[in-house]
Amino acid sequence: MRVAQRGRAGEGRNVVSDNAAPPTSPRTHEDPDVANAIRVYDQLGADPPKVDVALNDAAHSRAHTLDRHGPDLPLRQQAGVLTIEGRIYGDHGWGQPENQSFKWDDPTVMTREINGYVQRNWETIRSDLATDGVHEGRYDAGHRVGEGFLNGGMYGFGPRHAEYTPTSLVRLRIRLVPGSDPAQPFLVSAFPAGIL
Amino acid sequence: MDASQIPESLRARMAEQDARRPLEKVRSLLRSHVADTDGWGEIRDELEMTSQHSTRPLRQSLEAIDAVLVEELPAGTLLRMVAGDAGWPLDDDPTDAGAAVFLRKLADLIGSVLDDSHRK
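If you read the sequences in order, they're chains A and B. All residue numbers for the first sequence refer to my numbering, where the first residue is 1 and numbers rise by one. All residue numbers for the second sequence refer to my numbering, where the first residue is 1 and numbers rise by one.
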């Protein structure tokens, strides 16, 4: 994640579970994990970073937004070509079949959605990175952001088959750069989705 | 350390994380370590990155998987979680039983990552 401090966190729209239960192993102030979380939280700072996806993906070997969901990827299945539809079947270039496979409509939408989410939810992202080293987010943008395929047979209703759909849903994962000190975040992947 | 030194938003997030039910903890694990990966090797890489920061989330995830596998859940819950949240292919057995097999294998992998982490 290319970090250029700007903006401020605002209202979040990410999905939050409401099925709370009593904690099984509450943290105490003696817990060294808590001390480390406070240190990382402070290092990450109050201002959300600006994400340049191309720079992020080039800088981090684990990042794959453009490789797996980039706007330039071919949509429809083609022999010998890595495609969005082909991922449903584990075709050429994919390690195994997936139940959903989507691409961003264009770089402008991708950049705006990712940075909008980070801006709105930075305090939550910052806390998750501090405690767990990873943040996963998902939300409905309320407008089209991409297109792709769901596996129509994913719940056992028949054989695997790719069903096309445009989508307004977004999922993403942000991590700490391993070993970074001070702590630095990077975007593992952000992608339009058929299922939140 | 004085607990009052914990920033309020961080303290609130910790409390929210700890209060999640096992099912929600497993869903979060799947979304953060399995979804959009390209196989077991990449899942292991994700788990190892987490363990390098803290083993706590993985230990909590193990407890949550164990709890979910013995919990009486509505039919289709495990299948929707593994095939949907994780996007994992269950073509050979697209049932709750098939999803449970996947979760047990994932739990074994987490245990292996934790063992390696403790040896370092």
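Just so you know, even glycine gets a beta-carbon here, dropped at the ideal spot from N, CA and C.
Give the secondary structure of residue 33(B) by DSSP, where H, G and I count as helix, E and B as strand, and everything else as coil. Helix at residue 33(B).
Through-space distance from residue 119(B) to residue 112(A), alpha-carbon basis: Using only the alpha carbons, I get a separation of about 43 Å.
Roughly how many angstroms separate the alpha carbons of residue 67(B) and residue 84(A), rounded to a whole number? For residue 67(B) and residue 84(A), the distance between alpha carbons rounds to 36 Å.
Exposed or buried, residue 21(A), counting other C-beta atoms within 10 Å across all chains shown (16 or more means buried)? Unreliable placement is indicated for residue 21(A), whose pLDDT of 41 sits below 50; the coordinate value is still reported in the next sentence. When all chains shown are included, residue 21(A) counts as exposed.
Residue 43(A): which of 131(A), 63(A) and 73(A) sits nearest, CA to CA? Ranked by Cα distance from residue 43(A), the options 131(A), 63(A) and 73(A) are led by 131(A).
In whole angstroms, give me the CA-to-CA distance for residue 145(A) and residue 139(A). Spanning the two alpha carbons is a distance of roughly 12 Å.
Starting from residue 104(A), find everything on chain B with Cβ-Cβ shorter than 9 Å and list it in chain order. For residue 104(A), no chain B residue has a C-beta closer than 9 Å to its own C-beta; the minimum C-beta separation is roughly 14 Å.
Using the rule of at least 16 other Cβ atoms within 10 Å of the residue's Cβ for burial, across every protein chain shown, is residue 197(A) buried or exposed? Outside the displayed span of chain A (1 to 196) sits residue 197(A), for which this structure offers no information.
Quick check: what's the CA-CA separation for residue 122(A) versus residue 52(A)? For residue 122(A) and residue 52(A), the distance between alpha carbons rounds to 16 Å.
Taking only beta-carbon atoms, is residue 97(A) less than 8 Å away from chain B? Closer than 8 Å: yes.
Under the rule that 16 or more other beta-carbon atoms within 10 Å means buried, what is residue 87(A), buried or exposed? Counting of Cβ neighbours within 10 angstroms places residue 87(A) among the buried residues, the total reaching 16 or more.
Could you say if the segment 89-108 of chain A and the segment 23-43 of chain B meet the contact criterion of at least three C-beta pairs nearer than 8 Å? Yes, the segment 89-108 of chain A touches the segment 23-43 of chain B.
Check the Cβ of residue 197(A) against every Cβ in chain B and list those closer than 8 Å, keeping chain order. Residue 197(A) is absent from the structure shown; chain A starts at 1 and stops at 196.
With H, G and I counted as helix, E and B as strand and the rest as coil, what does DSSP make of residue 41(B)? In the structure shown, residue 41(B) sits in a helix (DSSP, three-state: H, G or I).
State the start and end residues of the unbroken beta strand (DSSP E) segment that holds residue 98(B). Careful: residue 98(B) lies outside any beta strand (DSSP E), inside the alpha helix (DSSP H) at 96-119.
Check whether the Cβ of residue 87(B) lies closer than 8 Å to any Cβ atom in chain A. Under the 8 Å criterion on CB atoms, residue 87(B) is classed as interfacial with respect to chain A.
Is residue 84(A) close to chain B? Criterion is C-beta to C-beta, closer than 8 Å. Residue contact check for residue 84(A) against chain B: no CB pair falls below 8 Å.
Taking the straight line between their C-alpha atoms, what separation do you get for residue 167(A) and residue 31(A)? Distance between the alpha carbons of residue 167(A) and residue 31(A): 43 Å.
What residues in its chain sit with their C-beta under 8 Å from that of residue 78(B), if we drop five residues either side in the sequence? 68, 96, 99, 100 and 103, listed in sequence order.
Provide the residue span of the alpha helix (DSSP H) that contains residue 69(A), from first to last. Looking at the DSSP string, the run of the alpha helix (DSSP H) that includes residue 69(A) is 65-69.
Spatial distance of residue 78(A) from residue 180(A) (CA atoms): It is roughly 40 Å from the alpha-carbon of residue 78(A) to the alpha-carbon of residue 180(A).
Measuring only the C-alpha atoms, how far is residue 61(B) from residue 116(B)? One alpha carbon belongs to residue 61(B), the other to residue 116(B), and they sit about 17 Å apart.
Could you name the residues that DSSP lists as bridge partners for residue 61(A)? In the DSSP secondary-structure assignment, residue 61(A) is not bridged to any residue.
Environment of residue 10(B) [buried if 16+ CB atoms lie within 10 Å]: Per the 10 Å Cβ criterion, buried.
List the DSSP bridge partners of residue 157(A). DSSP lists no beta-bridge partner residue for residue 157(A).
Does residue 32(B) come within less than 8 Å of chain A when only Cβ atoms are used? Using a CB distance cut-off of 8 Å, residue 32(B) counts as an interface residue toward chain A.
When Cβ atoms are compared, which residues of the segment 42-55 of chain B fall closer than 9 Å to chain A? Within the segment 42-55 of chain B, the qualifying residues are 42, 45, 46, 48, 49, 50, 51, 52, 53, 54 and 55.
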